[in-house]
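Engineer:
Protein chains in written order, with this note's numbering: chain B, 12 to 598; chain C, 779 to 1073.
#1: If the cut is a Cβ gap below 8 angstroms, which residues of chain C does residue 283 of chain B touch?
#2: Any idea which residues DSSP pairs residue 241 of chain B with across the strands?
#3: With a threshold of 8 angstroms between beta carbons, is residue 602 of chain B in contact with chain C?
#4: Note down, in chain order, every chain C residue with its Cβ under 8 angstroms from the Cβ of residue 71 of chain B.
#5: Where does the unbroken beta strand (DSSP E) through residue 501 of chain B begin, and where does it stop?
#6: Going along chain C, which residues have a C-beta under 8 angstroms from residue 32 of chain B?
#7: Give every residue of the same chain whose Cβ lies closer than 6 angstroms to the Cβ of residue 987 of chain C, excluding the five residues on either side of it in the sequence, and list them in chain order.
#8: To which residues of the same chain is residue 171 of chain B closer than 6 angstroms at the C-beta, ignoring the five residues directly before and after it?
#9: Considering residue 269 of chain B, what are the terminal residues of the beta strand (DSSP E) in which it resides?
#10: What do you get for residue 546 of chain B, buried or exposed, if any count of 16 or more other CB atoms within 10 angstroms of its CB means buried?
#11: Sorted by chain position, which residues of the same chain lie with C-beta nearer than 6 angstroms to residue 942 of chain C's C-beta, five sequence neighbours on each side aside?
#12: Just by C-beta distance, which residues in the stretch 128-152 of chain B are closer than 8 angstroms to chain C?
#13: Take residue 1022 of chain C as the anchor and find which of C:1014, C:809, C:888 and C:1035 has the nearest alpha-carbon.
#14: If we count the other Cβ atoms within 10 Å of its Cβ and call it buried at 16 or more, is residue 587 of chain B buried or exposed?
#15: Compare the C-beta of residue 1036 of chain C against all C-beta atoms of chain B and say whether one is closer than 8 angstroms.
#16: Of the choices B:34, B:594 and B:57, whose alpha-carbon is the least far from that of residue 267 of chain B?
#17: For the stretch 978-992 of chain C, which residues have a CB atom closer than 9 angstroms to at least one CB atom of chain B, in sequence order?
#18: Taking the alpha-carbon of residue 271 of chain B as reference, which of B:77, B:249 and B:209 has the nearest alpha-carbon?
#19: Just the C-alpha distance for residue 884 of chain C and residue 979 of chain C, rounded to the nearest angstrom, thanks.
#20: Starting from the beta carbon of residue 279 of chain B, find every residue of chain C whose beta carbon is closer than 7 angstroms, and list them in chain order.
#21: Between the stretch 516-528 of chain B and the stretch 568-584 of chain B, can you find at least three pairs of beta-carbon atoms closer than 8 angstroms?
#22: Extract the residue ranges of the beta strand (DSSP E) inside the stretch 950-1032 of chain C, only unbroken runs of 3 or more that lie entirely within it.
#23: So which residues on chain B does residue 918 of chain C lean against when the C-beta distance must stay under 7 angstroms?
#24: Using 8 angstroms as the Cβ pair cut-off and three pairs as the minimum, do the stretch 1058-1068 of chain C and the stretch 50-70 of chain B touch?
#25: Let's test the definition: count the other Cβ atoms within 10 Å of the Cβ of residue 113 of chain B and tell me whether it reaches 16, buried, or not, exposed.
#26: Cβ atoms of residue 142 of chain B and residue 195 of chain B: under 8 angstroms apart, would you say?
#27: Please determine if the stretch 869-876 of chain C and the stretch 823-830 of chain C are in contact, where contact requires at least 3 C-beta pairs separated by less than 8 angstroms.
#28: Would you mind telling me which residues of chain C sit closer than 8 angstroms to residue 272 of chain B, beta carbon to beta carbon, in chain order?
#29: Rounded to whole angstroms, how far is the Cβ of residue 229 of chain B from the Cβ of residue 215 of chain B, which I believe are closer than 8 angstroms?
#30: What's the C-alpha gap between residue 961 of chain C and residue 940 of chain C?
#31: In chain C, which residues lie with their C-beta within 9 angstroms of the C-beta of residue 287 of chain B?
#32: Taking C-alpha atoms, which residue in B:224, B:322, B:331 and B:156 lies nearest to residue 512 of chain B?
#33: Please name the residue, chosen from B:219, B:205 and B:247, that lies closest to residue 180 of chain B on a Cα-to-Cα basis.
#34: Is the CB-CB distance between residue 816 of chain C and residue 864 of chain C below 8 angstroms?
#35: Within the 8 angstroms Cβ cut-off, does residue 498 of chain B reach chain C?
#36: Measure from the C-beta of residue 817 of chain C to each C-beta in chain B and report whether the shortest distance is under 8 angstroms.
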């Protein structure tokens, strides 16, 4: 018995020791697994934060919202956290758009402007800086000193194809990728990152499928629509795996920013700038005239963006006309007539200037019809007669109310102007708003050869909007938009509507626009985003086409297009067939 | 004699463990327990760090959410005392601070106003604590708009209306307004080392240290920082780098902060275990644009 008892002690000790050791081992293995999962979670979290920071940086870029920084390459001998801009043409040099995510200011090699950095140094759980590739559509072109145009049309019609992100099988996840951010993970196989100047090969990975199809690589960037892969971590791939060619090394983790994501934020930024300018306009006019009001809209489909009196919906009137807006010069010695194509369709004035005297008089009056306009000076006597007999400049202006002249120079004088409208507007009177789009085509001014044909003159159309309502996008009304706004033609993607009693001369005391359940709205902006060209269609039975005279080509719901003052709520969710975003300007 | 031999023999047979055997077993047990203890200790430390980092992130998100809802950041809470004081703390000077003018009492050496933000769990004074039970600190840049007695980051719609009258005395930014103005101005600095010669000295920028938000030392690019003074809060805070971040052992009160990986007392900047998160102007602008508070 004592012998068994003593052996039992030994066994207990032994079992206890082994159990403890096994427990410790299991604990450590468990910890290792937990640590691995935790590291992955941390890396994904870092990637997510880096994506948010990069988006924020791009959306708030002072010079060009949407612009992305060049990567930090080892081109300047190190990874110093700053952008390395490339001054040559990017054609054939797309590798200049792959590097580490710059986290310090983007003002290093060759970058001409000082801008703030992304604001934080991002590293994956292995301590590596994140990598980054950006589409050519979103970087400054130093070879031509030009910013890229960035607006919703670029979603579907980019200058260069967008990047692509594919899954481990090579299936496209997104083909509209603006930028990818990659966590390289620990070095694999023969990757050597010592010295601080290792290239992409030593950070990013590549793999092949056993079924062939070539290398799937995150290391290269050789064409505008370069592919990047969300591959499978090799820690989870056994050596007898039959999907991948062995040995299999891959531990890149990737997030990406689509142009759609970026544009949704940019639309908010652009709409916000427009809203701020409109609010300032209102406040400025209230301070100076005692009555706060908003500008008229510019009609849809116009190529100019002038306020049109009594136009309550359309585009933002970001332009102020100058007179003459278009002229057509006439050389009577060599031609019988000359033409000029005007880029606008609404016409309030037809103006000609004679620069040489001795023109015989035929008399007449200003005749305005839809198809043919003839302006003649009717006054043949008196101090304001059109007969001029001296060398002087005399200007004729033909408006809806008749023909007039400026200057008081007497003399023999004639002016015949024949204005042929290829497609006439339904109205040329400044106060004859009908609610119908009037300008979707260009007009041609033809300056006919007068008799005798020796007196040169110049003239053309103009759309003269009187200054009394106040120019929008002008310092006089404290409503200047940033230069990038019109450079990117954001006015084409922001529908603007104003309450009918909140315009020039009115008190804006009973605003009539309703947005969702919110009534008494004075003015509203709707971001139209890109044209919807893929079914299902909600309003049109076909793809939207822009520019257009039809509101159905811009807005996407019955409520927004039924030509009344009621619109969808600001929180209406977007989907593939509805991409309107509502922004209340006031109140 | 033979009986004695038998007894002796039995004694040998019934012998327990030798001292060597016992020692080996005890060493094995000791090593195993030691390994377990070390592992558990590392786990606890890791958990504390992870918990504090999560808390800092939650606070950062709460502050951004507050800004989205109110168009302004809250003022930091005042130094711990009695009662519920973990609320935003306005200046008591003249003019007195309000949410309209954003004049705070402690811009750089204050604490997270957990009660104002509605964060939990908070202690009985309304402060939110790190894993080592110390109140977490928060600093927001004191950005005045020229001649106006207003702090743009903490006043309602302060960013939106920044320099709208062109009153800023900063020549390079005076022509800008709104968020472009704020983005142009120098804000808080977060540096990778203390720029000062002695611990706790006042600094104006990162000096020869690297700014973690911008590459030049002439412009700081951080709107607010949130940080924990770490495990060594009670005894640390006196090294050059930690002393740059106001703590219970440093009264430093300037817009320059330090953040880097933990270091021991033998490091050039001294012992450092502060944990810090910060927000760039871009991030807060993006959130305010989303919330229709900007531009």
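For each residue, glycine too, the CB sits at the ideal point set by N, CA and C.
The model shown is predicted, which means the values in this text are computed figures rather than measured ones.
Structural biologist: Walking through what the data contain:
#1: 1067, 1070, 1072 and 1073
#2: B:178
#3: Past the boundaries of the shown model lies residue 602 of chain B; chain B is included only from 12 to 598, so the question cannot be answered.
#4: 957, 961, 1059, 1060, 1063, 1064 and 1067
#5: That residue, residue 501 of chain B, is in no beta strand (DSSP E); it is neither H nor E in DSSP.
#6: 806 and 810
#7: 969, 970, 971 and 973
#8: 147, 148 and 235
#9: 264-269
#10: So residue 546 of chain B counts as exposed.
#11: 955
#12: 128, 129, 130, 131 and 132
#13: C:1035
#14: exposed
#15: no
#16: B:57
#17: For the stretch 978-992 of chain C, which is checked against every Cβ of chain B, the residues closer than 9 angstroms are 988, 989, 990, 991 and 992.
#18: B:77
#19: Straight-line spacing of the CA atoms in residue 884 of chain C and residue 979 of chain C works out to 18 angstroms.
#20: 1067 and 1068
#21: yes
#22: 967-969 and 1002-1006
#23: Ordered by position in chain B, no residue passes the 7 angstroms Cβ test against residue 918 of chain C, which lies about 15 angstroms from the chain.
#24: The stretch 1058-1068 of chain C, when compared against the stretch 50-70 of chain B, does touch it at the 8 angstroms Cβ threshold.
#25: Residue 113 of chain B comes out buried.
#26: yes
#27: no
#28: Within 8 angstroms Cβ-Cβ: nothing; residue 272 of chain B doesn't reach chain C, min ~12 angstroms.
#29: 4 angstroms
#30: 10 angstroms
#31: Neighbours of residue 287 of chain B on chain C, chain order: 938, 956, 1072 and 1073.
#32: If we check each option's Cα against that of residue 512 of chain B, B:322 comes out closest.
#33: B:219
#34: At a Cβ-Cβ threshold of 8 angstroms, residue 816 of chain C and residue 864 of chain C do not count as neighbours.
#35: Closer than 8 angstroms: no.
#36: It does: the Cβ of residue 817 of chain C has a partner Cβ on chain B nearer than 8 angstroms.
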